[in-house]
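One structure below.
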Amino acid sequence: MALFARTREDIANAQRRDPAARGGFEVWLTYSGLHAIWGYRFAHWLWRSGLKSLARSVSQWVRFLTGVEIHPAAIIGRRFFIDHGMGTVIGETAEIGDDVMIYHGVTLGGRSSVHEKRHPTIGNGVVVGAGAGILGPVTIGARSIVGANAVVVTDAPPDSVLTGVPARPRPRNATRAAAQTFADPDFYI
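Here the sequence shown is numbered in the working numbering, starting from 295 and rising by one per residue.
Shown next as structure tokens:
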């Protein structure tokens, strides 16, 4: 997807998910979560091009400017939105699907110092509440919701709700109506 088309898609996604968004120009100018994602994309391109030290430098500069740290090796899908952003950390081997929304203070972190898959995999359409920690090589199934301040250390199937410390997945009634509700940004506010 072309750079400008992707940028327009990101801005439209932010406006759809954030009721405080008053216009595209304001979103483009002031949303640190979007700035972090755009910086990540450039750093990720550098990483994949073999310029790993430069990629890490760019990601650290973006962290300084936005308060969001995204490792340039992480894999992030389309229409990813970080609301507020400050304090968010996304580790090196994290994988994030399409249409994922996370709030401020979220950690997608590791539990091991061994160089292997050590960060979470987040499915499509997942929402992660403020302050949540998803730790280790766990998989969060599509359309799941991770509650604020939950600490997730085990896998969760699709259409789950995860709350608590440690978080335990509960199934949601994944009817078609519920799936449509998940897509409605008003559901998360």
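Backbone N, C-alpha and C define an ideal beta-carbon position, used for all residues, glycine too.
- Between G371 and G391, the CB-CB gap stays under 8 Å.
- Looking at L340, P431 and M395, the one whose alpha-carbon comes closest to that of V422 is M395.
- In this structure, the beta-carbon distance from P460 to S438 does not fall below 8 Å.
- The residues I369 and T415, in chain order, have a CB closer than 6 Å to that of E389 in the same chain once the five nearest residues on each side in sequence are set aside.
- Between L456 and P465, the C-beta gap is not smaller than 8 Å, which leaves the two residues out of contact.
- Proximity of the stretch 370-386 to the stretch 348-355 falls short of the contact definition, fewer than three beta-carbon pairs being nearer than 8 Å.
- Rounded to whole angstroms, the gap between the alpha carbons of S406 and P431 is 9 Å.
- The beta carbons of P366 and L402 sit about 14 Å from each other, so the pair does not count as a contact at 8 Å.
- Counting every other CB atom within 10 Å of its CB across the protein chains shown gives S343 a total below 16, marking it as exposed.
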